[in-house]
Every structure is written in structure tokens, then in C-alpha cells.
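Residue numbers (this note's numbering), protein chains in the order written: chain A, 74 to 389; chain B, 355 to 585.
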């Protein structure tokens with residue numbers, strides 16, 4: 074039991090930092106521009122594919138730096154030459170635009186890399202068990218993922234809270250118009266934030282690709298969960314994105330690890346379900362099988378109980 | 355210094371500004387009067403580039419109509435909004451720092467000057483802007499614009515909702531700002547303040563300027579006051 078709890082916690086933490094790497098960018102972009110960026114997970118996928126190809130030419134380590142930079146530049150270009158023009162037609166047009174970009178990314182990935190999963194592997198240097206506890210080992214690569222994510226967050230947090238650029242970003246989150254009228258080039262700030270958010274998504278793709286798989290559906294698989302995270306945390310709230318990333322990741326990893334049926338789980342809290350009846354098949358389902366639905370159940374619950382999300386201030 | 359001529363602006367299909375023309379000279383306080391909804395705030399937002407407008411706005415000899423707000427601000431035009439648009443989560447000091455356009459080129463007023471001028475703000479320098487009272491927030495928005503070293507500031511309803519004593523303080527501050535060489539275009543409801551400190555006044559009605567003159571002219575002109583100002 075202790076083994077299960079410990080490793081679920083560790084795996085949950087790794088997954089949480091990955092989610093936060095995606096959700097932080099998404100929520101910042103939403104906070105500043107009011108745009109829910111459907112293409113965000115597409116940039117995550119591009120990060121993985123770019124890294125896969127670059128690893129073939131340069132090796133994993135240069136790819137770890139170059140791939141997110143490329144994705145970031147692409148994101149900045151999408152904002153500068155696409156979103157900024159669409160902006161004046163309102164939020165709906167922007168939403169449709171990002172949706173279009175997401176579809177284009179997915180199609181381009183399939184054209185360029187094919188429909189099958191790529192064998193983008195964990196680099197040999199990190200392909201060993203870091204430690205062994207009881208009967209389970211913890212891979213060094215997961216520790217590396219954790220390290221990279223934490224490093225990035227410390228860096229971003231320092232920029233946001235300690236620099237002038239960070240002040241401008243913080244103020245633009247709530248009052249972009251006023252910030253512009255004080256003489257700050259807000260469109261440029263938007264482009265930088267969009268580019269940085271995309272680069273972060275790309276980095277998440279680079280480090281998640283070898284673990285979660287590099288295939289054309291990867292954007293959709295993680296993308297929907299990231300939306301759930303951002304809505305549960307409260308659109309536009311970084312703290313919320315962080316808390317919700319932790320919550321979703323840990324709930325999901327624990328659920329996946331629990332191989333008990335719903336009826337025995339309910340029995341532990343004193344609810345006896347009859348073996349027969351209309352719902353008999355439902356009670357035989359294990360918690361692990363229900364795990365993928367958990368985030369969405371939480372989403373519905375939050376929307377009913379607290380429509381602004383955990384830390385949000387505006388209605389979703 | 356500022357010359358607006360034949361300025362038009364629309365919100366959807368409604369024609370909000372129908373050819374507004376006005377001017378502000380070097381170091382002058384000019385009041386823009388009128389009832390609610392006649393387009394005074396829209397006029398200054400249009401000058402600032404925040405509302406799309408057609409016509410001509412010349413500032414220090416340059417056409418600025420159609421430029422984005424941040425470019426207009428960098429040319430030395432400051433805007434103090436009506437709704438006290440402070441950044442509530444940032445500290446008072448951070449709010450002021452955001453008003454500084456270029457930290458390497460200090461202007462006439464520094465952040466510390468503002469703390470000397472308004473000790474209340476100094477005492478609360480490290481507290482979030484949200485905890486300030488309405489009057490203090492008004493001071494903060496004004497100071498935040500001033501540290502950006504503007505040549506002209508447009509102030510929208512600075513005394514709205516303030517206690518009488520604070521109203522007097524704001525008026526004194528405006529006079530002092532003008533004495534330091536910053537021209538002021540003041541949108542104000544309170545006739546007494548506007549007439550006391552302005553050198554010239556414009557009265558707006560239905561999206562255009564219906565009267566232009568000195569405060570003395572307006573005092574004598576019962577017709578204009580009755581038709582366009584008094585409720």
C-alpha cells in the first residue's frame with residue numbers, strides 16, 4: 074500500500090508539472106487576450122515531433138533547446154500575423170482561428186511524419202532506474218522531467234515577479250487597455266507571451282514525447298485535459314492552473330493505480346450494491362477503468378458549484 | 355499644443371462624436387463640460403487612440419489620429435481614466451513604476467517625488483493598490499500618469515464620488531501640475547471646480563462642441579448653461 078501511494082504521488086507529480094507547463098501558458102494567454110487557444114496542444118505536439126526529428130540530426134540535448142525555441146517562434150508568428158489581424162473581428166473569430174490552426178497543425182503533422190507513432194525514445198543517458206523501492210523502480214527520465222519543469226517554473230516566476238517586463242505582463246492580465254495608454258507596447262507583450270506560452274507547450278512535448286508517445290493524436294489526448302485544468306483552476310489564474318494541475322494529475326494517477334471495483338470501493342464507505350439488477354455491470358467496473366472520466370466529472374462538478382473555477386475571478 | 359478638428363467616432367451605428375473641434379495650448383488648463391452621455395469621455399478616448407475615430411488630431415505639430423494608444427502615450431500625451439483604473443493586485447509602488455515609460459531617462463517627476471507630494475501613497479507604497487480609498491486611488495492614477503513625464507494630460511472626472519475636502523485637494527493638484535508646465539484637458543461635471551481653475555472651457559452637447567469661451571463668458575451666458583449644463 075505504501076509503495077502504491079508513494080509511486081502514485083511521484084507519478085502524479087511528474088504528470089502535474091507537465092500539465093502545468095501547458096496550462097500556465099494557456100491560462101496566461103487567456104488572461105491577457107481573452108482567447109481560449111485551441112492550438113495550444115498542437116504546439117505541444119509540434120514540440121515532440123520537432124524534437125524527434127532534431128534528435129536524429131543533433132542528438133537529444135540540442136533538440137531539447139532548439140525544438141521549443143522553434144515552436145516558440147512559430148507561436149509568436151501565429152500571433153503576430155494571424156491572431157492580431159483576426160482580433161478586431163472579436164473573440165468568436167479568434168476562437169475559430171485558433172481552432173483552425175489546431176486542425177492545420179494536426180494535418181501537417183500527419184503529412185510530414187505519417188499516421189503511426191514515432192519511436193522517439195528516452196535518451197540513453199537517462200534510460201536507467203534512478204532508485205528502487207520495494208518492487209517498483211523509478212526511472213531517471215521522470216526525475217529529469219520533474220527537474221526541468223521545476224527549473225522552468227522558478228525562472229518564469231522570477232521573471233513575472235522581479236522584472237519590469239513581468240510587471241507589465243501582470244498588469245496587462247487585467248487592464249491591457251490602461252497599460253497601453255501608459256506607453257507600453259501591449260501588442261508586443263501579447264506576442265511575447267503567446268510565443269513563450271507556445272515554447273513552454275513545445276518543451277512539454279519534447280520531454281513528454283518519449284513517455285506518453287509521439288503520435289498524431291497526442292495533442293487531443295492531453296489537450297482536452299489541459300482545458301479541464303485551466304477551467305477548474307479558473308481561466309486566467311496561474312495559481313489556479315498550478316493547483317488544478319496537481320489535483321487532476323494526482324486524482325488521475327491514483328485512480329489508474331486502484332485496481333478495485335466500484336462496488337468494493339463503495340463497500341468500504343458502507344454502501345452495499347446488490348449483485349444483480351440493472352446496474353450490475355456498472356459495479357464491476359474498476360476505479361482504474363473510470364480514471365479517464367475523472368477529470369471531466371470534476372469539471373462538471375466545479376462548473377456547477379463554482380463557475381469561476383477554483384481561483385478565477387471571471388465567469389467561464 | 356493639441357489641436358483637434360472635425361473628429362468623428364461611432365459605437366456600432368450610433369454617431370457619438372459628430373465633428374468635435376477643440377484646442378489646448380502650452381501649460382493651459384482647459385475644461386470640457388457637458389451632461390452625461392454627450393461624448394466628453396469618448397472625445398478624450400478618441401484623442402488617446404482608445405476609440406477608433408476619423409478626423410484630425412495634431413499633437414505638438416504631428417498628426418496622431420489613428421495611431422495605437424501606446425505610440426500616442428510615448429509622444430507625451432497622458433490619460434487619467436475616470437474609473438480609477440489602477441492595477442489592484444500590484445503594490446502602490448509597482449503601479450507607479452508602470453507609469454514610467456523609460457527607466458533610464460527620468461522625467462520631471464520621479465516615483466519618490468510622488469511619495470513626497472502624497473505621503474499617504476508613500477506610507478502604503480508596498481501595499482496592493484486595491485486597499486487604497488477612492489480618493490487615494492484617484493491620486494495614484496494621477497501620479498502614475500505624471501511619472502510618465504507627459505506634456506499634456508487628459509483627466510476624466512477626477513472628482514467623481516470624492517468627499518468635498520478631497521475635491522479641493524484634487525483641484526489644487528491640477529493647478530500645481532499646470533504650473534509645472536503640463537497642459538491639462540479636464541473633463542468635469544462640477545462646474546465650480548472647472549470654472550475656478552480652467553483658463554478656457556468648451557461645452558459639449560449631442561456629440562459636438564456647442565460653446566467655447568472663458569469661464570467668465572460661460573458665467574454670463576445663462577442660455578448655454580440652462581440648455582446644455584443644468585439638469
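Note that beta-carbon positions come from the ideal geometry of N, C-alpha and C, so glycine has one too. Since the model is a prediction, treat every value here as computed from it, not as a measurement.
Let me check one thing: in DSSP terms, what residues is residue 349 of chain B bridge-paired to? It is not possible to answer for residue 349 of chain B, since the shown part of chain B is limited to 355 through 585.
With respect to the alpha helix (DSSP H) encompassing residue 325 of chain A, which residues constitute its N-terminal and C-terminal limits? Residue 325 of chain A -> alpha helix (DSSP H) spans 311–330.
Output yes if chain B places a C-beta closer than 8 Å to the C-beta of residue 248 of chain A; else output no. yes
Give the secondary structure of residue 91 of chain A by DSSP, where H, G and I count as helix, E and B as strand, and everything else as coil. helix
Residue-chain proximity (residue 252 of chain A, chain B), Cβ-Cβ < 8 Å: yes
Tell me whether residue 476 of chain B sits in a helix, a strand or coil according to DSSP, three-state version. helix
Partners in chain B for residue 257 of chain A, counting only beta-carbon separations shorter than 7 Å: 424
I'd like to know whether the C-beta of residue 388 of chain A is nearer than 8 Å to at least one C-beta of chain B. The predicted position of residue 388 of chain A is uncertain, since its pLDDT is 47 and thus under 50; no value can be drawn from it.
Name the DSSP bridge partner or partners of residue 483 of chain B? The partner list for residue 483 of chain B (beta bridge, DSSP) is empty, contrary to what the question assumes.
With a threshold of 16 other CB atoms inside 10 Å of the CB of residue 550 of chain B, please say whether the residue is buried or exposed. exposed
Note the first and the last residue of the continuous alpha helix (DSSP H) segment covering residue 395 of chain B. 394–402
Taking its Cβ as the centre, do 16 or more other Cβ atoms sit within 10 Å of residue 375 of chain A, making it buried, or is it exposed? buried
CB contact flag (residue 239 of chain A, residue 232 of chain A, <8 Å): yes
Beta carbon of residue 290 of chain A nearer than 8 Å to that of residue 114 of chain A: no
Taking the Cβ atom as the reference point for each residue, do residue 333 of chain A and residue 312 of chain A lie within a distance shorter than 8 Å? Between residue 333 of chain A and residue 312 of chain A, the C-beta gap is not smaller than 8 Å, which leaves the two residues out of contact.
Could you check what DSSP says for residue 189 of chain A in three-state terms: helix, strand or coil? coil
With a threshold of 8 Å between beta-carbons, can residue 443 of chain B be considered close to chain A, or not? Chain A, which has a Cβ nearer than 8 Å to the Cβ of residue 443 of chain B, makes this yes.
Please compile the residues from chain A whose C-beta is within a distance smaller than 8 Å of the C-beta of residue 452 of chain B. Those within 8 Å of residue 452 of chain B in chain A are 240, 241, 244, 252, 255 and 257.
Verify whether the separation of the beta carbon atoms of residue 186 of chain A and residue 122 of chain A is less than 8 Å. yes
Whether residue 445 of chain B touches residue 480 of chain B by CB criterion (8 Å): With contacts defined by Cβ atoms closer than 8 Å, residue 445 of chain B and residue 480 of chain B form a contacting pair.
For residue 542 of chain B, is the classification buried or exposed, using 16 other Cβ atoms within 10 angstroms of its Cβ as the cut-off for buried? buried
Look up residue 148 of chain A in the DSSP assignment and say whether it is helix, strand or coil. The answer is helix: DSSP assigns residue 148 of chain A an H, G or I state.
Tell me which residue opens and which closes the alpha helix (DSSP H) that residue 249 of chain A is part of. In the DSSP assignment, residue 249 of chain A falls within the unbroken alpha helix (DSSP H) covering 249–254.
With DSSP collapsed to three states, give me the class of residue 534 of chain B. coil
Where does the unbroken alpha helix (DSSP H) through residue 225 of chain A begin, and where does it stop? It spans 213–235 - the alpha helix (DSSP H) in which residue 225 of chain A sits, taken as one unbroken run.
In terms of alpha-carbon separation, which member of B:436, B:528, B:556 and B:462 lies closest to residue 575 of chain B? B:556
Which of helix, strand or coil does DSSP assign to residue 415 of chain B? coil
By the three-class DSSP mapping on this structure, what secondary structure does residue 205 of chain A have? Residue 205 of chain A falls in the strand class under three-state DSSP.
Report back the beta-carbon spacing between residue 583 of chain B and residue 389 of chain B to the nearest angstrom; my notes put them in contact at under 8 Å. Your pair residue 583 of chain B and residue 389 of chain B checks out as a contact, with CB atoms roughly 7 Å apart and the cut at 8 Å.
Which class does residue 464 of chain B belong to by DSSP, given the choice of helix, strand or coil? coil
Pull up the distance between the alpha-carbon of residue 262 of chain A and that of residue 242 of chain A, whole angstroms please. 7 Å
So, with DSSP's three-state summary, where would you put residue 180 of chain A? helix
Selected residue, minimal CA-CA separation from residue 384 of chain A, among A:315, A:345 and A:351: A:315
Unbroken alpha helix (DSSP H) run spanning residue 108 of chain A, endpoints: Annotation: residue 108 of chain A is outside any alpha helix (DSSP H) and is labelled neither H nor E by DSSP.
Determine, using beta carbons only, whether residue 519 of chain B comes closer than 8 Å to chain A. no
Residue 504 of chain B to residue 536 of chain B span [Cα, whole Å]: Straight-line Cα distance between these residues: approximately 7 Å.
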